[in-house]
Every structure is written in C-alpha cells, then in structure tokens.
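Novice: Would you mind keeping the following structure in view while I ask a few things?
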Amino acid sequence: MILEARGITHYYKNDLALDNVNFTAQKGEFIAIVGESGGGKSTLLSILSSLLRPTLGELFFEGKAYTQITNIDAFRQKDIGFIFQFHYLISYLTVLENIKLASLNPHDGYVETLLKQCGIEAIQNKYPDEISGGQRQRAAIVRALVNHPKVLFADEPTGNLDSHNSQNIYELFKTLSKGGTTIIIATHDRKVSEYADTLIEVNDGKIL
Ligand SMILES: Nc1ncnc2c1ncn2[C@@H]1O[C@H](COP(=O)(O)OP(=O)(O)OP(=O)(O)O)[C@@H](O)[C@H]1O
Ligand SMILES: [Mg+2]
C-alpha cells in the first residue's frame, strides 16, 4: 500500500465536505474518483495530495503519517505530481521551458523521453497559446512527471478535452500505472471506467 487515508472528515467553515472517508491506493494502481458536482472529489484529492489538511483523520504515505513527514516541500516536489484542470503553463515560456522549470534535473534526458512518450516532442518549442488544449494538457502531464513521482494526482485532467484526446490521456495513465506509478484522478467522465483499475464514487461527502 502506497497511500492510506483513515476517517477523513473535512469542513469548510461549517459546511461538511467529506464525511469519514477511508481510502487506500496500491503501488501502480489507477484509481478514478467519480461522482456528482459538489460531491467532494476535489476536496478528497487535495487532502490525499497533502495540499489541504483535513479537519479530522489520518493520512499515510508508504506507512508514514503525513504529520511525521519532516520535509513536506521535498515530498511535494519529488514523491508526488499534480495536474490541475487548468494547466497553468507559463505563457511567456515554451513547452520545453515550462517543463524544465519544474525539473530538479533538467539535463538528465528524462524530459526528452517523456515528451516522446506523451507525443508532444514536435511542439516542445512552441508557446502555450500556439498549441491545442490536448497538447497543453499533455505538457502539464509531462511537467508533473519530470521528477519521477510515485503518485500522480490529477483533478479533471480531461475536463476541457474532446473524447479522442481524453482517451489518449487515459491510455497514457494506464501505461504509467503499468510502469509502477500510482495514478489518482478526479473526473466527471464515466468513460474513465474503461481504463481505471478502481472506480470510487464520492457523493455528498461519502464514498459509496
Ligand atoms: N474552498 C471552499 N470553501 C468552501 N466550500 C468549499 C470550498 N471548496 C469546496 N467547497 C464545498 O465543498 C463541497 C465539495 O466540493 P468539491 O470541490 O470537493 O466537489 P467536487 O466533487 O470536486 O465538485 P466538481 O465536480 O464540481 O468539481 C461542495 O459543497 C463545495 O461547495
Ligand atoms: Mg472538483
């Protein structure tokens, strides 16, 4: 087990967003969190990825409690990767420059490997506003992968993509998970069930 959450409850002020949720992820597992809008998917993803501290509950990464991780910045930089719905590439930098900015070892050749694997080698020297939404999303995926994260989190990674581009991204996640990277995504897209190992439904703050 790479990640475990026990009894996660989260309130935003007085509003209950998550109600006693338990969650586990295995190494190399591809997990999709689905459910209605406002159900708690993004809240759960933010908590699992250490961005948001839950009101109640415990979290463990490789058996170690998040509260015991002494260098949380290094954990966020090296052990996990994030992809947000709106990719937030820097518009003044090319795709390659955006990716290298995030890398701890920008000259180790891995960026080039990932660009090839994600099929965006040809557009690496273009600026974000010169490429398609699907290419931008793939650039954000490469950026999230540059430091070899053990777990990749993505919130609505295909939110603004057509079904063809969405399926390419799910295929890529599937390949990554087979290579041992744990993938945890939140999505509205039920098509993901054809690719994910595990589907978790979150509604009204509860896992069904
Ligand atoms: N920053 C916030 N402050 C206050 N309430 C919030 C905040 N973020 C989310 N909520 C509330 O918490 C609940 C869960 O929201 P969350 O964003 O986790 O849902 P979601 O499943 O990701 O929804 P969507 O599918 O629309 O992205 C909702 O009732 C939402 O209004
Ligand atoms: Mg959300």
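For the sequence shown, my numbering begins at 316 and goes up steadily by one. Yeah, the Cβ is synthetic: ideal placement off N, Cα and C, and Gly gets one too.
Okay, do the segment 496-509 and the segment 421-437 touch, 3+ Cβ pairs below 8 Å being the bar?
Specialist: no
Novice: Tell me which same chain residues have a C-beta within less than 8 Å of the C-beta of residue 464, skipping the five on either side of it?
Specialist: As a working mapping, residue 464 is identified with position 149 in the sequence shown. 393, 394, 395, 396, 496, listed in sequence order.
Novice: Answer yes or no: the CB of residue 332 versus the heavy atoms of ligand 1, is any distance below 8 Å?
Specialist: Counting from 1 along the sequence shown, the entry for residue 332 is found at position 17. Result yes, Cβ under 8 Å from ligand 1.
Novice: Can you tell me which of the three DSSP states residue 524 falls into?
Specialist: In the structure displayed, the chain extends from 316 to 523; residue 524 sits before or after that span and is not available.
Novice: Taking residue 510 as the reference, which of 516, 521, 488, 519 has the closest Cα?
Specialist: As a position in the sequence shown, residue 510 is number 195, starting the count at 1. It is 488.
Novice: What span of residues does the alpha helix (DSSP H) with residue 476 cover, start to end?
Specialist: As a first step, residue 476 is located in the sequence shown; it is residue number 161 there, counting from the start. It is not in any alpha helix (DSSP H) - residue 476 carries neither H nor E in the DSSP assignment.
Novice: Nearest to residue 486 by CA position, among 382, 404, 507, is which residue?
Specialist: Taking the sequence shown and counting its residues from 1, one reaches residue 486 at position 171. Checking every option, the nearest Cα to that of residue 486 belongs to 507.
Novice: Less than 6 Å between C-beta atoms, sequence neighbours within five positions excluded: which residues of the same chain meet that for residue 450?
Specialist: As a working mapping, residue 450 is identified with position 135 in the sequence shown. Closer than 6 Å at Cβ, skipping near neighbours: 435, 438.
Novice: Please enumerate, following chain order, all residues with a beta carbon closer than 7 Å to at least one heavy atom belonging to ligand 2.
Specialist: 356, 357, 470, 471, 501
Novice: Is the closest heavy atom of ligand 1 to the C-beta of residue 336 under 8 Å?
Specialist: Here residue 336 refers to the residue found at position 21 of the sequence shown. No.
Novice: What residue range is occupied by the uninterrupted alpha helix (DSSP H) comprising residue 412?
Specialist: To locate residue 412, count along the sequence shown from 1; it is residue 97. Unbroken alpha helix (DSSP H) run through residue 412: 410-417.
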